[in-house]
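Structure record follows, encoded as structure tokens.
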Amino acid sequence: MTTLLATPSTWPRILTAGFGATDPTDLDAAVAAGAFEGLTRAVRTHGPTGTIALLRASGLRGRGGGGFPTADKWDACAMAQGAVRHVVANGYESDPATHIARGLMEERPYAVVEGVAIAAFAVGATESYIAVRAEYGEAIRRLEAAVARAEAAGHIGANVLGSGRDIFVSVRPVRGAYMLGEETVLLKALEGKRGQPEQRPPYPSERGLWGRPTVVNDVVTLGAVGWIVANSADAYAAIGDPEAPGTTLVQVAGAIEEPGIAEVPTGTRLREIVDLAGQMASGHRLKAVVVGGPTGGILPPRELDTPYGYAALREVGAHVGSGSILVADERACVVDLATLLTRYCADEACGKTIPCRIGLRRLAEIGQRAASGHARPTDPALLADLSADIVASALCAHERAATNPLTSVLRYFRPELDEHLLRSACPAGVCHPIGVTPAGTAT
Ligand SMILES: Cc1cc2nc3c(=O)[nH]c(=O)nc-3n(C[C@H](O)[C@H](O)[C@H](O)COP(=O)(O)O)c2cc1C
Ligand code: SF4
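Quick note on numbering that gives the first Met the number 0: the sequence shown kicks off at 0 and runs consecutively.
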């Protein structure tokens, strides 16, 4: 059960409209609320090229973290050489602590199915797949029911709306580790193979599933597509940040009273998003927010005016990532938190690229040395240099982002880091550095 946070009545509800329905797989109710209107317009009015042009005018960008323009991806797939194409909806949701995709797939299965069907129509795909984290049993059941009902009613399947086009959608549970959410790994999993990220180009839009041109989109990206085609590109483009318009789903959790997910216009300030989740737990003070999941940046309260957007978050050393915003209060130690996240990123790195495989582990060790009172004088410089080298040699987006936790501590929490490094002390009382205090007392 997903807790949907209340948002101001002036904010549009595109992705979360209808959340909380008694039966989200009820096709008649979904159709009465507008489901498949976008697909009908795409087929009857816009045609494949017109649908891609409409998506381009809407400004929709991928919600899977990278923010790639959706129309460019569809266009590249439609234009790529090959007789057979596919669409894959990415419903894996790598970040184990985030439940945004799960919430959408459970609550709006028809929105996801319709988004896949419109993408399939636009690029010319006959067989499309919704790849869902195998642990998301309820999402899988609801999506399967939605696909079966939509096909029985003729919204998808053979000769959709008499267009002569077949659009078949199936749900594929996938099981794996963190890296499975990366698109090239996900495609390998669907092929039944063990996967590691592939060097790109070629992108999946040119050579993807079984070597065929494939669109891979986050389920959250696809969840907005039906609304956009049904309501107009202009209506969508008018919402939020003009650089990347529309709404998106975020999850606010941690040391706050009402954790949950919310639909927010892009460009909303972090402060406003955090406020949606109510008061700080037990009256504690906000110390930091981790924005972007395990590879997120740890930001101090003064950065809470940052707009929630791809460029703005990157500028402050965070990123959209998994859509997670984790709130930490003054009881948390940022050195401990960053070290934990970096260790997780190192453990989950697939190992294909040496600077990532070895570099992230060395980076985590710097944090561990700081937390245990064994820091070296060169550690701050090493942290900065090593992070820059890791980012510069990145093969996939994991390596580019995994340095965020520790580099953001270096950037924003230097006094607290220095307490660990120079005095073997943890101001939050979380770490237990075995060191010597300035007075010479063993700690
Ligand atoms: C380590 C890693 C994990 C990722 N996890 C996800 C994920 O859980 N869901 C997702 O949609 N994209 C994830 N991505 C991004 C995908 O590779 C891909 O860019 C995305 O699915 C494309 O969809 P979009 O264009 O709609 O954003 C991940 C990327 C990396 C490097
Ligand atoms: S950068 Fe890291 S996670 Fe990505 S392919 Fe290389 S080793 Fe694997």
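Don't be surprised by glycine CBs; every beta carbon is placed ideally from N, CA and C. As the structure is a prediction and not an experimental result, all values here were calculated from the model.
Cβ-Cβ distance between residue i and residue j below 8 Å
i      : j      : result
Val215 : Val111 : no
Pro203 : Glu181 : no
Pro264 : Gly239 : yes
Val249 : Gly175 : no
Ala130 : Val184 : no
Ile117 : Gly225 : yes
Gly123 : Ala77  : yes
Leu325 : Ala345 : no
Phe67  : Thr125 : no
Ala138 : Arg164 : no
Glu106 : Ala229 : no
Leu160 : Pro108 : no
Gly64  : Gly282 : no
Ala370 : Thr341 : no
Gly447 : Pro212 : Given that the chain is displayed from residue 0 to residue 442, the structure contains no residue 447 and the question cannot be resolved.
Val289 : Val273 : no
Gly245 : Ala261 : no
Exposure of residue i, with buried meaning 16 or more beta-carbon neighbours within 10 Å
i      : result
Ala401 : buried
Met104 : buried
Thr158 : It should be pointed out that residue 158 corresponds to Asn in this sequence rather than to Thr. Its Cβ having fewer than 16 others within 10 Å, Asn158 is exposed.
Asp27  : exposed
Trp209 : exposed
Thr6   : buried
Arg60  : buried
Asp304 : exposed
His318 : buried
Glu314 : exposed
Gly19  : exposed
Ile51  : buried
Ala441 : With a pLDDT of 44 at Ala441, under the threshold of 50, the modelled position of that residue is not reliable, and the figure given next carries that caveat. So Ala441 ends up on the exposed side.
Ala276 : buried
Ile389 : buried
Asp233 : exposed
Gly191 : exposed
Ile353 : exposed
Thr377 : exposed
Cβ-heavy atom distance, residue i to ligand 1, below 7 Å
i      : result
Gly225 : no
Tyr91  : yes
Gly114 : no
Phe120 : no
Glu105 : no
Asp240 : no
Asp304 : no
Gly64  : yes
Phe167 : no
Phe412 : no
Gly180 : yes
Phe67  : yes
Lys72  : yes
Val146 : no
Thr247 : no
Glu131 : Residue identity check: residue 131 is Val in the sequence provided, not Glu. No, Cβ of Val131 sits at least 7 Å from all heavy atoms of ligand 1.
Asp217 : yes
Gly61  : yes
Thr1   : no
Thr213 : no
Thr402 : no
is_contact[residue i, chain D] using C-beta, thresh 8 Å
i      : result
Arg422 : This model lacks chain D altogether, as it is built from one protein chain only.
Original post:
Listed by chain order, which residues have C-beta atoms less than 6 Å from any heavy atom of ligand 2?
Top reply: Met178, Gln195, Pro196, Ala348, Cys349, Gly350, Lys351, Thr352, Cys355, Arg356, Ala393, Leu394, Cys395, His397, Glu398
Original post:
Counting Cβ pairs, one atom from each stretch, are 3 or more of them under 8 Å apart for the region 406–418 and the region 295–313?
Top reply: yes
**OP:** Taking 8 Å as the threshold, find out whether the region 33–44 comes into contact with the region 82–93 through three or more Cβ pairs.
**Re:** no
**OP:** Examine the Cβ distances between the region 327–340 and the region 253–270 and report whether three or more of them are shorter than 8 Å.
**Re:** yes
**OP:** Could you say if the region 383–391 and the region 358–374 meet the contact criterion of at least three C-beta pairs nearer than 8 Å?
**Re:** yes
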